[in-house]
Amino acid sequence: GDTVTLSKDLKLKGTNTVIKRGTKVKNIRLTDDPDEIDCRVNKMSIVLRTEFVKKA
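Residue 31 in my numbering sits at position 25 of the sequence shown, and the numbers go up by one each step.
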């Protein structure tokens, strides 16, 4: 349940949503792949690459 911050703007595939740089993502969960984390942003459950986040 750590909190991370996005390091760049991300456009989500399949939607018109853009998650802005500096958005805090709370309660992240690790996945089987060490390069990905599972989280919820704006009531959407998404998987983020760790290269786009930094520890808040």
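Beta carbons are placed, not taken as given, at the ideal position from N, Cα and C, and that holds for glycine.
Inter-residue spacing [alpha-carbon to alpha-carbon] between residue i and residue j
i	j	result
VAL24	LYS14	10 Å
ARG27	THR9	14 Å
ARG46	VAL53	8 Å
Proximal residues to residue i (C-beta, below 7 Å), its chain only, five neighbours per side dropped
i	result
ARG55	ASP41 and GLU42
Cβ-Cβ distance between residue i and residue j below 8 Å
i	j	result
THR11	LYS60	yes
DSSP-derived helix/strand/coil call for residue i
i	result
THR56	helix
ASP41	coil
LYS17	strand
Residue(s) in a DSSP beta bridge with residue i
i	result
THR11	LYS30 and LYS60
Minimum Cβ-Cβ distance from residue i to chain D less than 8 Å
i	result
GLY28	Looking for chain D here will not work: only one protein chain is present.
Residues near residue i in its chain [Cβ-Cβ closer than 8 Å; skip 5 each side]
i	result
ASN22	none
Cβ-based neighbour list, residue i, same chain, cut-off 6 Å, excluding 5 preceding and 5 following
i	result
THR29	LEU12
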